[in-house]
Amino acid sequence: MRVQKVNEHTIRIFISLTELTDRDITMADLFQRSAKTEQLFWELIAQAREEVEFNLDQPFWIQATVASNDEFVITIMKQEEFVEGSVKEKPVRKTSKGRALESVYAFADFEDVISAVGRLPEFNQLRSGLFEFEGEYYLVLSRMGTGKKRLLAEAILDEYGEIVATTGAFLSEHGKNIILVKAVQTLNASFNKPSHG
């Protein structure tokens with residue numbers, strides 16, 4: 491297990507599959523945030539505090555991704571720039587093009603995408619795109635805000651698909667563009683009839 495400090499707000503923790511197996515944690519546990527992974531998470535935080543002086547004393551994002559066949563990366567980002575209850579959202583991380591932090595979810599089949607977006611709460615500012623790459627469907631989402639709705643959306647998306655460490659830019663270049671803008675709204679309009687009326 492090794493800890494890498496990216497900057498004051500972000501660390502990456504690399505953990506091997508063997509280390510997870512030793513703790514009786516499966517890949518599924520890691521993405522579902524069970525009690526076991528919760529315990530592992532706090533162990534990792536303690537280690538990060540000692541090794542790279544990373545103190546987690548405010549809200550944070552956590553993202554687990556597969557780095558290679560036998561290694562996981564757990565990225566932890568402090569949520570310092572977010573002000574609770576504010577309408578305007580500052581992205582935690584900006585790329586050179588100044589795009590806000592985006593989440594990419596992979597789905598095994600199209601039905602899963604439709605089921606997931608049909609249950610998502612409504613976001614005023616949501617940006618979404620749908621791509622196909624090597625037989626899987628990828629939903630790229632940004633501007634989901636920071637509140638309870640986002641947490642609910644993430645829980646729903648985790649149920650049907652899994653978060654992956656790729657970007658919309660990569661997918662639009664190498665994958666097949668299915669719906670470039672307003673993918674969530676378009677899919678819902680086409681496949682999920684509104685529950686009201």
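Residue 565 in my numbering sits at position 75 of the sequence shown; the count goes up by one each step and never skips. Even glycine gets a Cβ: it sits at the ideal position worked out from N, Cα and C. No experiment lies behind these values; they were computed from the predicted model shown.
Query raised in the report: According to DSSP, is I515 helix, strand or coil?
Result: coil
Query raised in the report: At which residues does the beta strand (DSSP E) containing R617 begin and terminate?
Result: 617-623
Requested in this report: Tell me whether N497 sits in a helix, a strand or coil according to DSSP, three-state version.
Outcome: coil
Report task. Inspect the beta-carbon positions of F621 and K672 and report whether they are closer than 8 angstroms. Result -> no
Requested in this report: Can you check DSSP and say which residues form a bridge with A606?
Outcome: Answer is none; A606 lacks a bridge partner.
**Report entry** Reduced DSSP secondary structure (H/G/I, E/B, other) of G687
**Finding:** Note that G687 has pLDDT 40, beneath the 50 cutoff, so the model's placement of it is unreliable and the number below is only indicative. Assigned with DSSP and collapsed to three states, G687 falls in coil, not helix or strand.
Query raised in the report: If we call anything under 8 angstroms between Cβ atoms a contact, is D514 one with K526?
Result: yes
Query raised in the report: Considering only residues of the same chain and omitting the five flanking positions on each side of E574, which have a CB-CB separation below 6 angstroms?
Result: With a pLDDT of 44 at E574, under the threshold of 50, the modelled position of this residue cannot be trusted; read the value that follows with caution. If we look at E574 and ignore the five residues flanking it on each side, it has no Cβ neighbours.
Query raised in the report: What residue range is occupied by the uninterrupted beta strand (DSSP E) comprising T565?
Result: 561-568
**Report entry** Option nearest V603 by Cα separation, candidates L510, E649, I503, T508
**Finding:** Measuring from the Cα of V603, the nearest candidate turns out to be E649.
Query - Helix, strand or coil at F544 according to DSSP, with G and I counted as helix - result: coil
Query raised in the report: Assuming F562 and I505 make a contact with CB atoms under 8 angstroms, what is their CB distance in whole Å?
Result: 5 angstroms
Query raised in the report: Any idea which residues DSSP pairs R492 with across the strands?
Result: Beta-bridge pairing links R492 to F504.
Report task. Give the straight-line distance between the Cα atoms of L661 and R640, rounded to the nearest whole angstrom. Result -> 23 angstroms
Requested in this report: Measure the alpha-carbon distance for M567 versus V493 and round it to whole angstroms.
Outcome: 13 angstroms
Query raised in the report: Can you round the beta-carbon distance between R502 and T565 to whole angstroms, since I take them to be within the 8 angstroms contact cut?
Result: About 5 angstroms separates the beta carbons of R502 and T565, which is inside the 8 angstroms limit, making them a contact pair.
Query - Strand pairing of A554, partner residues [DSSP] - result: I564
**Report entry** Helix, strand or coil at N725 [DSSP, three-state]
**Finding:** Examination of residue 725 is not possible in this model, given that the chain is present from 491 through 687 alone.
Query raised in the report: Roughly how many angstroms separate the alpha carbons of L629 and K638, rounded to a whole number?
Result: If I take the Cα positions, the gap works out to 20 angstroms.
**Report entry** S524 (DSSP reduced to helix, strand or coil)
**Finding:** coil
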